[in-house]
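Visitor: Each residue of the first sequence is one higher than the one before, starting from 295 at the first, in this note's numbering. Can you read through this structure? Questions will come right after.
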Amino acid sequence: MTELQPARGTHDLIGEDQRRHHHVAETARRIAASYGFDEWITPIFEDTRVFSRTLGETSDVVMKEMYTFEDRGGDSVTLRPEGTAGVCRALVTNGLTQSLPQKVFYAGPMFRYERPQKGRYRQFHQIGIELIGPSEPLADAEAIACGWDILKALGVADDTVLEINTLGDKESHAAYRDALIAYFAAHQDKLSKDSLTRLERNPMRILDSKDEGDRSIVAGAPTIEPYLTEAAATFYAQVQAYLTGFGVPFRKNPRIVRGLDYYGHTAFEFVTSKLGAQGTVMAGGRYDGLVAEMGGPRTPAVGWAAGIERLGMLMDAAPPPPAPVVVVPIGEAAEAAALGVLQALRAAGIRAEMAYRGNLRRRMERANKIGARATVILGDDDIAAGVAQVKDLRTGTQDAVAFAEIAARLA
RNA sequence: GCGGGCGUAGCUCAAUCGGUAGAGCGCCAGGUUGUGGUCUUGGAUGUAGUGGGUUCGAAACCCAUCGCUCGCCCCA
Numbered sequence: 295m296t297e298l299q300p301a302r303g304t305h306d307l308i309g310e311d312q313r314r315h316h317h318v319a320e321t322a323r324r325i326a327a328s329y330g331f332d333e334w335i336t337p338i339f340e341d342t343r344v345f346s347r348t349l350g351e352t353s354d355v356v357m358k359e360m361y362t363f364e365d366r367g368g369d370s371v372t373l374r375p376e377g378t379a380g381v382c383r384a385l386v387t388n389g390l391t392q393s394l395p396q397k398v399f400y401a402g403p404m405f406r407y408e409r410p411q412k413g414r415y416r417q418f419h420q421i422g423i424e425l426i427g428p429s430e431p432l433a434d435a436e437a438i439a440c441g442w443d444i445l446k447a448l449g450v451a452d453d454t455v456l457e458i459n460t461l462g463d464k465e466s467h468a469a470y471r472d473a474l475i476a477y478f479a480a481h482q483d484k485l486s487k488d489s490l491t492r493l494e495r496n497p498m499r500i501l502d503s504k505d506e507g508d509r510s511i512v513a514g515a516p517t518i519e520p521y522l523t524e525a526a527a528t529f530y531a532q533v534q535a536y537l538t539g540f541g542v543p544f545r546k547n548p549r550i551v552r553g554l555d556y557y558g559h560t561a562f563e564f565v566t567s568k569l570g571a572q573g574t575v576m577a578g579g580r581y582d583g584l585v586a587e588m589g590g591p592r593t594p595a596v597g598w599a600a601g602i603e604r605l606g607m608l609m610d611a612a613p614p615p616p617a618p619v620v621v622v623p624i625g626e627a628a629e630a631a632a633l634g635v636l637q638a639l640r641a642a643g644i645r646a647e648m649a650y651r652g653n654l655r656r657r658m659e660r661a662n663k664i665g666a667r668a669t670v671i672l673g674d675d676d677i678a679a680g681v682a683q684v685k686d687l688r689t690g691t692q693d694a695v696a697f698a699e700i701a702a703r704l705a
């Protein structure tokens, strides 16, 4: 490969791509702020243990998907594969476990070493929120409502459905897990090869197998509800009641699972059918066990994360940048006067550009091409008279405006 | 990590059976050196992803490699 290319799974965000990206992040930031979330900016790389600790031993495979390397001092660091672990680490290292609740919003790049697919990259970007402290089911519903509002504001809510499930508390979860293993073990002969290995290392994952044959077996598998303790069942019912109270439509999906131990109770995903196999657009749940694994006191928390690229692909179009005003001097003498006009426009908050080169016709063409809404044409006669020709490129009308009034005229 | 499809101009894409590469758009310049959009005339651009092989001859066939894409695995 002689020509330089972006590294595999990375991409440049330019033009429309950048605008979509920015619009997703800004919209999320604004709406999260209205819910009382403050933005945290945590490091893009962390001590590898920040992630390995939370991922536990399920994950000799998972470790292979992280960007982990030794720095020059011999310490193992990892480019963050997700946002929650870093936020929990920051909560602990900043002593904020004494100041709960903390309502955190974040946005930024994440890194996973995997095979790129539609909406799935090695460097990608996520937005997310974490509501740390409350153990009440109202917090779960509020986090979800915030996510729903963001999807609505982005115009993607119509193509998206919220699916919720409960993972129960420890007791419920253990009982359900045993029941599932017993069920699938009884159907071992009909399970796919992949699911047989799942049965060994991560039986819950059989529930979202994509294999045709597995699906019919999964269809008959037990759901968690009969195994819920009374407390867990009540919690789940309350989450649903609050969601209804917030006006968030949802569908129960007993097949939603989470791989790691620190998850419990609520698990949810916003799903679209418009992105092929990568249909989950926002996912989250309650993780009361994570802060403790980070070395802090046991602290309840709930949150979600969403891929900016995926949301950007679902959006109709990003709002276009404001149309500029172009200042067009005719001749060298006029250029000096044009600089003053240009800066006056900018000072008034108007997006203004200078037409650098070519004859008048060329400069007008240029202005038109970049989508200018108006041009301010400055000739020697005009300058002598203290005016400029302000031409509206949409209507084609043009008239002389005194220097001092140009900015107000174009505001 | 595994499997399918694809890779030709800045972009979107053509080219019969293997005979030495084209269109549209865009770009640049002129028609019009004080007025854009429409019109019109002309112009530039390709290491055919890369490397190897078969052949008198390869964009086309074969192998490898890189990248993109769709799916699987995984999904914190």
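Backbone N, C-alpha and C define an ideal beta-carbon position, used for all residues, glycine too.
Figure out for me which residue from H317, L474 and L569 has the closest Cα to the Cα of G309.
Guide: Looking at the Cα atoms, H317 is the closest of the given residues.
Visitor: The beta strand (DSSP E) spanning V398 covers which residue range?
Guide: Segment Q396 to F405, the beta strand (DSSP E) holding V398.
Visitor: Taking buried to mean at least 16 other C-beta atoms within 10 Å of its own C-beta, is G665 buried or exposed?
Guide: With fewer than 16 other Cβ atoms within 10 Å, it is exposed.
Visitor: Go to Y361, then tell me how far its beta strand (DSSP E) extends in each direction, as first and last residue.
Guide: Where Y361 is concerned, the enclosing beta strand (DSSP E) stretches over Y361 to E364.
Visitor: Does K568 come out as helix, strand or coil in the three-state DSSP assignment?
Guide: Reduced to three states, the DSSP call for K568 is coil.
Visitor: Since K446 is in the alpha helix (DSSP H), which residue starts that stretch and which ends it?
Guide: Start and end: P431 to A447.
Visitor: Along the beta strand (DSSP E) that carries G380, what are the first and last residues, could you check?
Guide: No beta strand (DSSP E) holds G380; the alpha helix (DSSP H) holding it covers T378 to T387.
Visitor: For the segment 600–617 against the segment 441–460, do three or more pairs of beta-carbon atoms, one drawn from each stretch, fall closer than 8 Å, so that the two count as touching?
Guide: Taking 8 Å as the limit for Cβ pairs, the verdict is that the segment 441–460 does touch the segment 600–617.
Visitor: Could you check what DSSP says for K464 in three-state terms: helix, strand or coil?
Guide: Three-state result, K464: helix.
Visitor: Could you check if K487 is buried or exposed, using at least 16 other CB atoms within 10 Å of its CB as the buried criterion?
Guide: Under this definition K487 is an exposed residue.
Visitor: So for E563, helix, strand or coil by DSSP?
Guide: E563: strand per DSSP, three-state reduction.
Visitor: Give me whichever residues DSSP pairs with K685 in a beta bridge.
Guide: DSSP lists T669 and Q692 as partners of K685.
Visitor: With a threshold of 7 Å on Cβ separation, who are the neighbours of K484 within its own chain once the five nearest residues in sequence on each side are excluded?
Guide: Excluding sequence neighbours, K484 sits near G507 and I511.
Visitor: Find out if the Cβ-Cβ distance for the pair A586, T593 is shorter than 8 Å.
Guide: Against a cut-off of 8 Å, the Cβ pair of T593 and A586 comes out as a contact.
Visitor: For N662, which three-state DSSP category applies?
Guide: Note: N662 maps to helix in three-state DSSP.
Visitor: What residue range does the beta strand (DSSP E) around R651 cover?
Guide: That residue, R651, is in no beta strand (DSSP E); it is neither H nor E in DSSP.
Visitor: Rounded to the nearest angstrom, what separates H315 and A322 at their Cα positions?
Guide: Approximately 11 Å, taken between the alpha carbons.
Visitor: Please identify the residue among K504, P403, V371 and I500 whose C-alpha is closest to the C-alpha of P516.
Guide: Out of K504, P403, V371 and I500, I500 has the C-alpha closest to the C-alpha of P516.
Visitor: Please classify N459: is it buried, with 16 or more other beta-carbons within 10 angstroms of its beta-carbon, or exposed?
Guide: Buried: at least 16 other Cβ atoms inside 10 Å.
Visitor: Taking the straight line between their C-alpha atoms, what separation do you get for L654 and Q572?
Guide: Going by the C-alpha atoms only, they are around 51 Å apart.
Visitor: Where does A678 land, buried or exposed, given buried means 16+ other C-beta within 10 angstroms?
Guide: The residue in question, A678, is exposed, as its Cβ has fewer than 16 Cβ neighbours within 10 Å.
Visitor: Measuring alpha carbon to alpha carbon, tell me which of F697, Q683, N662 and D675 ends up nearest A638.
Guide: When each option's Cα is compared against that of A638, the closest is F697.
Visitor: Is it true that the CB of G673 sits closer than 8 Å to the CB of A628?
Guide: Going by C-beta atoms, A628 is nearer than 8 Å to G673.
Visitor: Report the start-end ranges of each beta strand (DSSP E) in the segment 600–642 that is 3 residues or longer and not cut off at the edges.
Guide: Complete beta strand (DSSP E) runs here, min 3: 619–623.
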